[in-house]
Amino acid sequence: LENHKFTKESHAKLQALWLEAHYQEAEKLRGRPLGPVDKYRVRKKFPLPRTIWDGEQKTHCFKERTRHLLREWYLQDPYPNPSKKRELAQATGLTPTQVGNWFKNRRQRDRAAAAKN
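Here it is in structure tokens:
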């Protein structure tokens with residue numbers, strides 16, 4: 001796993017496999033199911049190999065390049081139609097629902113900021 005270069009399309013599945021294997025190993029050692037803090041510690045102790053992760057940190061739930069793309073589209077059209085949402089979802093790796101929610105939240109934040117000024 002650490003010596004082979006995998007395609008980006010397989011990263012999510014391989015990351016889940018990597019984490020689940022380490023979670024199960026930790027559960028076996030502890031003799032009990034892992035809680036959220038235990039899982040956090042396992043993730044910190046066994047970071048994802050670079051072969052299955054592009055190295056970009058997830059912040060604000062979405063990666064920086066995803067948020068950049070969403071902001072660019074938002075400036076062009078803050079009310080995208082369903083086909084545009086599907087297109088953007090495919091470009092970002094998000095679901096159309098996530099894209100729609102991002103636009104809805106962004107419009108709300110912009111309205112709140114405008115009302116404040």
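Residues 1 to 117 in UniProt numbering are what the sequence shown spells out, letter by letter.
C-beta atoms are modelled at their ideal positions from N, C-alpha and C, and glycine is treated no differently.
Cβ neighbours of residue i in the same chain (closer than 7 Å, five flanking residues each side left out)
i: E27; result: P33 and L34
i: E72; result: none
Same chain, Cβ closer than 8 Å to residue i, five either side skipped, listed in chain order
i: P82; result: P96
i: R30; result: D38
Buried or exposed (CB count within 10 angstroms, at least 16 for buried), residue i
i: L1; result: exposed
i: Q85; result: Residue 85 is actually Lys in this sequence, not Gln. Classification for K85: buried.
Proximity winner among the options, relative to residue i (alpha-carbon distances)
i: T92; options: R67, R106 and R111; result: R67
i: residue 123; options: P36, F62, R50 and L29; result: Since the first and last residues shown for the chain are 1 and 117, residue 123 lies out of range.
i: C61; options: F6, W102 and Y74; result: W102
i: T7; options: F46, A16, Q24 and W53; result: W53
i: E9; options: Q108, K116 and L94; result: L94
The alpha helix (DSSP H) enclosing residue i, as first and last residue numbers
i: H4; result: Careful: H4 lies outside any alpha helix (DSSP H) and carries neither H nor E.
i: Y79; result: No alpha helix (DSSP H) contains Y79, which DSSP labels as neither H nor E.
i: F103; result: P96 to K116
i: L48; result: Per DSSP, L48 belongs to no alpha helix (DSSP H) and is neither H nor E.
i: L19; result: H11 to R30
Presumed contact (8 Å Cβ cut-off) between residue i and residue j, rounded CB distance
i: V42; j: H22; result: 5 Å
i: P78; j: L88; result: P78 to L88, Cβ: 13 Å. No contact.
i: residue 121; j: R111; result: Residue 121 is absent from the model: the chain starts at 1 and stops at 117.
i: Q15; j: L48; result: 6 Å
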